[in-house]
Amino acid sequence: MLSRGRSKKASATVDDLTLLVTLDEATILHALQRRFEHDEIYTSTGAILVAINPFAPMPHIYDEHTKGVYIEHGNRRVTGEKLPKLPPHVYAVADTAFRDMNKDTWVDASLANSNVLDALRAEAAPVAVQNQSILVSGESGAGKTETTKILMNYLASVSSATTTNGHAAERENVRNRVLESNPILEAFGNARTNRNNNSSRFGKFIRLGFAKDGSLLGASISTYLLERVRLVSQSIGERNYHIFYELLRGATPDELTALCLTHVEDYKYLNQTQCVDRKDGVDDGDQYAKTRHAMTTIGMSDDEQWSVLELVAAVLHLGNITFVTLDGENDGCRITNESALASASHLLGVDKDTLQKNLCSRDINAGGDTVTVLLSPEKAEVTRDVMAKTIYARLFHWLVDRINVSIGYSPPADERFIGVVDIFGFEIFATNSLEQLCINYANEKLQQLFSQFVFEMEQKEYIKEAIPWTFVSYPNNDEVVTMFESVRPMGLFALLDEQCKLPNGNDVSLFNTYFDSFAATPHLHVSKLQRGVQLFVIAHYAGAVPYAAAGFCDKNKDHAHTEALGYLASSSTPLLQTLFTAPPASSSSTAGTKQPSTVVAKFKSQLASLLSLLHTTAPHFIRCIKPNDDASSTEFTVDRVAEQLRCSGVLEAAKISRTGYPIRFPHASFVHSYLCLTPSVPFEKENLRGTATAIVAALRAGAFLQPPNAPPITFADEGRDNFQVGLTKVFLLLGAYTQLNTVREELFGKAVIAMQRVVRGFLARVVYRRMRAGILRLQATFRARRQARHYQRLRTSVIIAQAAVRRFLARRRYQTVQRAVLTLQCAYRCHLARKQLQAKRALAATLRLQSIVRMHQVRLRIRPLLLAAREAKRAAEAAALAAMPVLATRARPVRSVFVEEFSESDSDDDESISFVDRRSTRLSLVASSSAYVVIVEAGGSLGVTLDVSNGAAIVYRVHPTLSTTADVLQITAGDTLVSIDGRPPVVPTTLPISVGGGRRCFLFPPSAQPTLFEFEKAASGLVRVASTTSSSAKCYDVLWLEDKSLGLALRQDPTTARSIVTKISAYHNPGMVNVHEQDVLLAINGNDVAQMEFPVVCDLLAQAARPLVLSFESSVRAYHTSSVTLLQGAVLFHVIWDGGRLGVALKKNAVTKGPFPYVAKVQAGDSVVGRFNAKRSPLGLKVSRGDKLVKVNHQSIRDVPYESLLTQLRAGAKPIILSFLKGKKPKTIGGA
């Protein structure tokens, strides 16, 4: 045994074994082993392809590119192009069969010999079509089934690629249906054996029908000898048919429930061999999906598929039915597994009691009376197994018929076909029975056909043509085949059928008959030990096989009593009715009636029909070889490969191909091809053989045309003549044929070039004359059109000049009249103006005198009051400055806190607050008196609308509800954004939203660090506390983000026709905490929608690009950004909630019924308020119990319901700014 690794270097061996220098067994084995090491699994032996099973996936040699290379090579070859041969491949065999099928043979009926091809009179010759066949043979596990699938795939592809009749879709449908028949046949007819994980347990002949143009018309499948016994028993390490495992592992839970199925291990027909899995990596669940897809592809309806699966499940349930002897009875039995019986009867669509009766008893007709005989448990089990086998076998054949209906076709008059034979391989098991005997007999017949074609037909051809030839001995299995099928004297099959016809025929009598008839022959041997156990050994071409005679007779009969199966025809399942439609009842007497056909008789008849068809075709052989018995992809067992090569006759075939004449021409074809090389030889139509003989003589003498300026061509000496003239054909060696074709192609090439030169010259002259005549016509047309254009230009010029003169004269007359009119109008208007001026001057002088007198009188009365007011103002300012505390310069703040002074009323119920004039305690960070700084802490945001149309960033509008900084209220409309963090503002880098009029809304997003925005006041004067947010004091804004839903439901107010909020479902957009039901939508990105129709507003919201700034008018009664006045002594401070836990518990004041909730509890630790209190505020402010929450995002919450407020705070987008009211001033202000 040789071990090897997968080498990727080029092979050093030849593609064809006949080209080896030394042609013996050792050299051939070495060449095959070297090619196997280099992943070259295909090797030619003359016309035979040797395929070594790689036992590993090799997709690179079966991909679409490789397939396309072979298809293109075949297309070019049939057009006459001389191309080098491609490497040996299954594709090459299939392509050769396809091309040869379409290569028509011309036959001249007027000649004496009708086999002579007359290529010179093709127009009068009828077409003779040569059908093809491809025989795939080899041992079990050698790869025959996979090779067959590859062949079918290529033939379907090449037929689609070579036809262009406009029916591409129909051809593709036929192709798919033909290829999808393979998964169905594999699922129901293949099983795992000890030699092969996907062994075909039936034989098949696939006939692919083609039209004359090469298009695939359809196919038909014939099957042979399904292994029925595998259904009820398998050897250790083997499995039942794939479909059972695929169904149990691939069906849905609902399907399994409907079929009453559970697990593989629960069924007797599947759990007897200690093997329930495939060893080749194929998943049964995946294969189930492929099988169902294939059923759909071939046109099976869902009902048909379900009926098939029901019968498969019913077979499993039948196998689980067990029998025990009736109590107190010597005969008779009953069923113990009622659940299996119920499931089987339900799926079969028959009555449960009737099924039990037919399994446990049988009716016998005796003298016109019916007698019921009770069966023992053993006989009942036999009846059960026969029923299961019969149901499955008939279901299998129904599926084959259903496939044939799907892929069938009506053969036209010129129909031709390619047959693919995939017969089970030669089998040698531990126990071999009638199934193996039939399988090995079929292999003997195919081997006989192979021998006749490769050896006998070759040598008979030379004898027929009277060609000198040295005979080569070859393995001949005729005597073994005769021993099987002989009638007189009787062979193995005839003796078996005779025993089955005898009333007392049995296996022992059959064995003794075999021993007496064939023990003396060299092909059947029985030792003394084997005779005791009824074993006999047959010397097959592939090796000696021992057979156990036990069970031969029963398996050959393989029929149950009529009553056990006849009642199935009355099933409620349509498919089962179809399978068991009973034939006409036969007479109760057996005298004079014909016995039913046996298994071997049927098989012999089917095989004879197949071989008869194959004899009418041109066969192509593929010999599949197993490199080892362990299914290893790296082992090459020389002895096993040599044994298979000897048994298959590959060695002798190589020798014959080497010593023979592989190239042969009918006389007419040879003369037609090579007469051009010997012009001295006269052509005699009535004596083609004489003409061919003269041509061969000239070729041998070298008296033939050769290319000039080249060395003379001489034919190689291969130890025999390069040419042989037979009675009807001329035979050539491959080397001589190649040299002749080279010379002919070179001479033809030069002749073609000379002809092309003459034709091109003629065509060039024709083209020149046509071009000259065309040019002359073009020139004449061009000159005529040029003169016409010149005339048109002159005429147009004259008309333009006339119009200009007329226009000039008319304009001059008009201008003269106009000047006269204007002169008159001017004189009159001047006169009127002088009169009006004089009247106005007189009135102005009078009014000026009156004003001077009145002003003097007023000044005298108010002068004392002005002096007193000025003194009072100065005193008030001095007192205010003296009372103002001195604050130290602080470092960069941790949190922006805006503090305002309040006055507390004596009553806790006094919640009415309004703004008063006060000073801001924030320290100015800029030197200019008109500049101020807004600090946005880490996690905060700032929203303003800037007018950037004039180059400067002018504040047009402030959005407090979109800002989470306390300083936003310092910003006023008209202020200018000077810098951001000390740098000139680059406003477009933020998130801009167009709001119309050249203005942009910039939402400065949260940053990881505090950000300083420097603004310049619009004009000098007192600092304004509140900023202008909109034209209405009750307005606020909401930012609708791009990746968020709006969270609002709008409808049209029937009274005002405005869009109002009817429902709030989410608060994840900034500013949503201020929205209340009944609020009015005013604008979208600054565009007023108050006057728009409600559908237009909805379309605008749906189609506008987000983010959007939505402006609303609050429906709350006292809603206002600065709607409170802080009483003397109170403090308002702000906390930014940027997410996470807030850290306070709010409570509604149930005693005072005040509008604002108060802080009932402060939670320390990791929370927003906890972190705020832990930091040292410049004014020492902390959130403590009793503080009131009065604003959210600078919006008063006076009239917001307490439950709605809590919902908004929990669900609203973060960060948000919370404003708390502290009743007393803090004790610590933060420094001197």
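Everything in the sequence shown is counted per full-length UniProt numbering, starting at 1 for the first residue and increasing by one.
From the three backbone atoms N, C-alpha and C, an ideal C-beta is built for every residue, glycine too.
For Asp351 and Glu172, I'd like the C-alpha separation in whole angstroms.
46 Å
Would you list the one or two residues that DSSP bridges to Lys1214?
As DSSP reads the structure, Lys1214 sits in no beta bridge.
Could you pull out every residue in the same chain whose Cβ sits closer than 7 Å to the Cβ of Glu1113, ignoring the five residues on either side in sequence?
Ser1032, Lys1034, Cys1035, Asp1079, Val1080, Leu1082
Just to confirm, is the Cβ distance from Val978 to Glu1016 under 8 Å?
yes
Less than 8 Å between the C-beta atoms of Thr965 and Val936, yes or no?
yes
Could you tell me which uninterrupted alpha helix (DSSP H) segments, each at least 4 residues in length, are contained entirely in the region 328 to 390, listed from first to last along the chain?
338 to 348, 352 to 360
Pull the bridge partners of Ala544 from the DSSP assignment, please.
According to DSSP, Ala544 bridges with Ala539.
Would you kindly work out how many angstroms separate the C-alpha atoms of Leu1209 and Ile1197, rounded to a whole number?
Between Leu1209 and Ile1197, the C-alpha separation is close to 12 Å.
Determine the DSSP secondary structure at Val481, reduced to helix, strand or coil.
In the three-state DSSP reduction, Val481 falls in the helix class (H, G or I).
What is the rounded straight-line gap between the Cα of Ala122 and the Cα of Leu437?
Annotation note: pLDDT 36 at Ala122 (below 50); position unreliable, no value reported.
If distances are taken between C-alpha atoms only, which option among Gly1154, Gln1163, Ile1136, Val1190 comes closest to Pro1215?
Ile1136
Alpha carbon to alpha carbon, how far is Ala701 from Val14? Give it in angstroms, no decimals.
Answer to the nearest angstrom: the Cα atoms are 33 Å apart.
If contacts are defined as beta-carbon pairs under 8 Å, then Ser181 and Ile407 qualify, I think. What distance do you get, rounded to the angstrom?
Here Ser181 really is in contact with Ile407; their C-beta atoms are around 6 Å apart, less than 8 Å.
Cα-Cα, which of Gln1052, Gln447, Trp1040 is closest to Lys1072?
According to the sequence displayed, residue 1072 carries Met and not Lys. Out of Gln1052, Gln447, Trp1040, Trp1040 has the C-alpha closest to the C-alpha of Met1072.
Given this structure, state the Cα-to-Cα distance separating Ala1057 from Glu1093, to the nearest angstrom.
Between the alpha carbons of Ala1057 and Glu1093 lies a distance of about 8 Å.
Which same chain residues, not among the five before or five after Ile150, have their C-beta less than 7 Å away from its C-beta?
Tyr62, Val90
Can you say whether Gln1091 is buried or exposed, counting buried as having 16 or more other CB atoms within 10 angstroms of its CB?
Exposed is the call here.
If you follow the beta strand (DSSP E) that Glu1113 is part of, which residue opens it and which one closes it?
1108 to 1113
Measuring CA to CA, which of Trp306, Ile48, Phe426, Val232 is closest to Ser199?
Phe426
Rounded C-beta distance between Val1168 and Leu1142? I'm assuming under 8 Å.
Rounded, the Cβ-Cβ distance is 5 Å, consistent with contact.
Simplified DSSP state of Lys1182, which is helix, strand or coil
In this structure, Lys1182 counts as coil in the three-state DSSP scheme.
Which of the three DSSP states is assigned to Ala191 in this structure?
strand
By DSSP's criteria, Val730 is part of a beta bridge. Which residues make up the other side?
Phe665, Val725
Can you look up Gln534 in the DSSP assignment and give me helix, strand or coil?
coil
Judging by CA-CA distance, which residue of Leu734, Ser963, Tyr674 is the nearest neighbour of Phe748?
Tyr674
With Asp554 as the anchor, note down where its alpha helix (DSSP H) starts and where it stops.
552 to 557
Among Gln792, Thr147, Val386, the one whose alpha carbon lies nearest that of Arg228
Val386
What residue does the alpha helix (DSSP H) around residue 1313 start on, and which one ends it?
The displayed coordinates of the chain run from 1 to 1232. Any statement about residue 1313 would go beyond what the structure contains.
Proximal residues to Gln287 (C-beta, below 6 Å), its chain only, five neighbours per side dropped:
Once the five neighbours on either side are set aside, the close Cβ partners of Gln287 are Glu246.
Please check the pair Pro1010 and Ala938, which I expect to be a contact at CB under 8 Å, by giving their CB distance rounded to whole angstroms.
6 Å
Alpha helix (DSSP H) segment containing Asp1138, residue limits:
Unbroken run through Asp1138: none, as it is neither H nor E.
Would Val948 and Val958 qualify as a contact pair, given that the criterion is a beta-carbon distance under 8 Å?
no
Rounded to whole angstroms, what is the Cα-Cα separation between Ser928 and Thr976?
Unreliable positioning characterises Ser928 in this predicted model, as indicated by a pLDDT of 47, which lies under 50. The coordinate reading is nonetheless provided below. Those two C-alpha atoms are separated by around 14 Å.
Output yes or no for whether 8 Å exceeds the beta carbon distance between Thr616 and Pro666.
no
Collapsed DSSP secondary structure at Ser1059 in the structure displayed:
Residue state, collapsed to three classes: strand.
Use the C-beta contact count for residue 1242: other C-beta atoms within 10 angstroms, 16 or more gives buried, fewer gives exposed.
Since the first residue shown for the chain is 1 and the last is 1232, residue 1242 is missing from the structure and cannot be characterised.
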